[in-house]
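K.L.:
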Amino acid sequence: MAPRASWKGFLTVGALSCAVGLYAAASTSERISLHMVSRKSGHRLRRQYVDEETGQPVETDDQVRGYEVSKGEYVTIAPEEAAAVLPDNDKTISIDAFLPCDGIDTVYLDRPYFLAPVDEAAAEVFDLLRRGMAAQKVAALGEALLFRRVRKLLIRPAGEGGALLASTLSFDYEVRPAEEAFADVPDVKITGEMRELATHIIKTKAGTFDPDAYQDRYETALSELVRAKMEGKPLPKAAPRKEEKVVDLLAALRASAKASGGASGKASGGISKKAPAKAKATGKASSKKPAPARKSTRKAG
């Protein structure tokens, strides 16, 4: 079954325009879904909104969103009032600029979608834009009203399949500064043998990204647990975690280098600490019988 578009509209660049659709590039629909049920009856439970003061259920027609201005005091916003402040929905992704593919901090990337033409008439203009962007190694920065919010989109060529990948972008106020996470991290200086051993270990672990090689271990374990309960078999148990021992950093580096086929030298080296300093920020901080998690057959683009 062909995937259903999450959004349909037009992609416009100057005088060029083509009908396109956004299709979710990642989904969690194949994960095992657990529902809340009654331990006594086995019946599924349903959520119900109740008034926190009276404890009485509130019917759907009487439910409205509100912004808390002070403790227990709210400014209510009716659906029609919220809709009135939205910009006109012209169903258009308008391209504002083209920039190098690596010209945006990845911390701003939010949710990925495949962008594709919705009919043959749009395919020619779409392919012209895609090929031009791939040849120039640029991404397009656009804007559209998506799912009741004005969103910025970064659109990039994706792999060999002729697709474009459109990622919604977080706004500046939504991304936390890196300094918040690194403010209390001490400024550490690595010298001598430690640096050489660390470099060697990194080189011996060099590889490429292959999504087929990664397994969702929790999903697989959950699938095995559900199957065992359905079939009345002994329940599987997770292997006990190995006790982590506090070891000397230099000794650990030497052991890691030896395990990866390297030989540590005798050069002197060590680690020295300076007073804590804030790190410089480079950016701002997807009745059924369950089956084991399936491996993706889609190659990374």
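If you read the sequence shown in my numbering, its first letter stands for residue 1124, the second for the next number, and so on. The beta carbon of each residue, even a glycine, is placed where N, CA and C say it ideally should be.
#1: Which residue comes first and which comes last in the alpha helix (DSSP H) that contains Asp1335?
#2: Once you ignore the five residues that flank Asp1219 on each side, which residues in its own chain have a CB closer than 7 Å to its CB?
#3: Residues in its own chain within less than 7 Å of Thr1215 by CB, not counting five upstream and five downstream?
#4: Check the DSSP bridge columns for Phe1221 and list the partner residues they point to.
#5: Can you tell which of Ile1278, Pro1223, Tyr1231 has the C-alpha that lies nearest to the C-alpha of Gln1259?
#6: Can you tell me whether Glu1191 is buried or exposed, with buried defined as 16 or more other CB within 10 angstroms of its CB?
#7: Kindly confirm or deny that the stretch 1192-1200 and the stretch 1227-1243 touch, where touching means at least three C-beta pairs closer than 8 Å.
#8: Would Leu1269 and Ala1321 be called neighbours here (beta carbons separated by less than 8 Å)?
#9: If I follow the unbroken alpha helix (DSSP H) through Glu1153, where does it start and stop?
#10: If you draw a straight line from the alpha carbon of Pro1334 to that of Ala1149, how long is it in whole angstroms?
#11: So, helix, strand or coil for Lys1381, using DSSP?
#12: In the structure shown, what three-state DSSP assignment does Phe1237 receive?
#13: How long is the line joining the alpha carbons of Ala1206 and Gly1189, rounded to whole angstroms?
#14: Compute the distance between the beta-carbons of Ser1152 and Pro1235, then report whether it is under 8 Å.
#15: Report the CB separation of Asp1105 from Leu1168 in whole angstroms; it is logged as a contact under 8 Å.
#16: Secondary structure at Leu1358, three-state DSSP: helix, strand or coil?
#17: Using a 10 Å radius around the Cβ and a threshold of 16 neighbouring Cβ atoms, would you call Gly1355 buried or exposed?
#18: Let me check understanding here. Comparing Cα to Cα, which of Pro1359, Pro1357, Val1349 lies closest to Ser1156?
#19: With distance defined between alpha-carbon atoms, name the residue in Arg1253, Gly1144, Ala1138 nearest to Trp1130.
#20: If we count the other Cβ atoms within 10 Å of its Cβ and call it buried at 16 or more, is Glu1280 buried or exposed?
#21: Closest by CA to Tyr1146, which one among Ser1164, Pro1126, Met1159, Ser1161?
#22: Within 10 Å of its beta-carbon, does Arg1162 have 16 or more other beta-carbons around it, so buried, or fewer, so exposed?
#23: Is Arg1215 helix, strand or coil by DSSP?
#24: Who pairs with Ile1200 in a beta bridge, going by DSSP?
#25: Pull up the distance between the alpha-carbon of Ala1378 and that of Ile1325, whole angstroms please.
#26: Is the beta carbon of Ala1351 less than 8 Å from the beta carbon of Leu1345?
#27: Could you tell me whether the Cβ atoms of Val1248 and Cys1141 are closer together than 8 Å?
#28: By how many angstroms is the C-alpha of Arg1340 removed from the C-alpha of Phe1332?
P.N.:
Let's see:
#1: Reading the sequence shown from its first residue, position 212 is the one you call residue 1335. Note, Asp1335: premise wrong, no alpha helix (DSSP H); not H, not E.
#2: Within the sequence shown, the letter at position 96 stands for residue 1219. Excluding sequence neighbours, Asp1219 sits near Leu1264, Gly1265, Glu1266.
#3: Along the sequence shown, one-based indexing puts residue 1215 at 92. Once the five neighbours on either side are set aside, the close Cβ partners of Thr1215 are Gly1132, Phe1133, Thr1135, Ala1267.
#4: As a working mapping, residue 1221 is identified with position 98 in the sequence shown. Answer is Ala1263, bridged to Phe1221.
#5: The sequence position of residue 1259 within the sequence shown is 136, counting from 1. The residue with the shortest Cα to Cα distance from Gln1259 is Pro1223.
#6: Mapped onto the sequence shown, residue 1191 falls at position 68. It is exposed - the Cβ of Glu1191 has fewer than 16 other Cβ atoms within 10 Å.
#7: Touching, no, given that fewer than three Cβ pairs across the two stretches are closer than 8 Å.
#8: Position 146 of the sequence shown, counted from the start, is the residue given in the question as residue 1269. Position 198 of the sequence shown, counted from the start, is the residue given in the question as residue 1321. Not in contact: Leu1269 and Ala1321 (Cβ atoms no closer than 8 Å).
#9: Taking the sequence shown and counting its residues from 1, the one referred to as residue 1153 is at position 30. Segment: none, Glu1153 is in no alpha helix (DSSP H) and carries neither H nor E.
#10: To locate residue 1334, count along the sequence shown from 1; it is residue 211. To locate residue 1149, count along the sequence shown from 1; it is residue 26. Distance between the alpha carbons of Pro1334 and Ala1149 is about 13 Å.
#11: Mapped onto the sequence shown, residue 1381 falls at position 258. The answer is helix: DSSP assigns Lys1381 an H, G or I state.
#12: What you label residue 1237 is simply residue 114 of the sequence shown in a count that begins at 1. Phe1237: strand per DSSP, three-state reduction.
#13: As a working note, residue 1206 is residue 83 in the sequence shown. As a working note, residue 1189 is residue 66 in the sequence shown. Computed Cα separation, rounded: 15 Å.
#14: In the sequence shown, counting from the first residue as 1, residue 1152 sits at position 29. In the sequence shown, counting from the first residue as 1, residue 1235 sits at position 112. The answer is no: Cβ separation not under 8 Å.
#15: Because the chain is modelled from 1124 through 1424, residue 1105 falls outside the range shown and cannot be assessed.
#16: The residue you call residue 1358 lines up with position 235 of the sequence shown. Three-state result, Leu1358: coil.
#17: Reading the sequence shown from its first residue, position 232 is the one you call residue 1355. With a 10 Å radius around the Cβ and a threshold of 16 neighbouring Cβ atoms, Gly1355 comes out exposed.
#18: Looking up residue 1156 in the sequence shown gives position 33. With distances taken between Cα atoms, Ser1156 lies closest to Val1349.
#19: Residue mapping note: residue 1130 aligns to position 7 of the sequence shown, counting from 1. That would be Gly1144, whose Cα lies nearest to the Cα of Trp1130.
#20: On the sequence shown, position 157 is the one that residue 1280 refers to. In the sequence under discussion, the amino acid at residue 1280 is Pro, which differs from the Glu named in the question. Pro1280 is buried by the Cβ-count criterion.
#21: Translated into the one-based positions of the sequence shown, residue 1146 becomes position 23. Closest by alpha carbon: Pro1126.
#22: Residue numbering aside, residue 1162 sits at position 39 when the sequence shown is read from its first letter. Arg1162 is classed as exposed because its beta carbon has fewer than 16 other beta carbons within 10 Å across all chains shown.
#23: Numbered from its first residue, the sequence shown carries residue 1215 at position 92. One detail in the question is off: residue 1215 reads as Thr in this sequence, not Arg. In this structure, Thr1215 counts as strand in the three-state DSSP scheme.
#24: Taking the first residue of the sequence shown as 1, we reach residue 1200 at position 77. According to DSSP, Ile1200 bridges with Arg1188.
#25: Looking up residue 1378 in the sequence shown gives position 255. Looking up residue 1325 in the sequence shown gives position 202. Using only the alpha carbons, I get a separation of about 14 Å.
#26: In the sequence shown, residue 1351 corresponds to position 228, counting from 1. In the sequence shown, residue 1345 corresponds to position 222, counting from 1. Going by C-beta atoms, Ala1351 is not nearer than 8 Å to Leu1345.
#27: Numbered from 1 along the sequence shown, position 125 holds the residue referred to as residue 1248. Numbered from 1 along the sequence shown, position 18 holds the residue referred to as residue 1141. Inclusion of Val1248 and Cys1141 in the CB contact set at 8 Å is warranted, their separation being smaller than that value.
#28: As a first step, residue 1332 must be located in the sequence shown, where it is residue number 209. As a first step, residue 1340 must be located in the sequence shown, where it is residue number 217. Cα to Cα, the separation comes out at about 18 Å.
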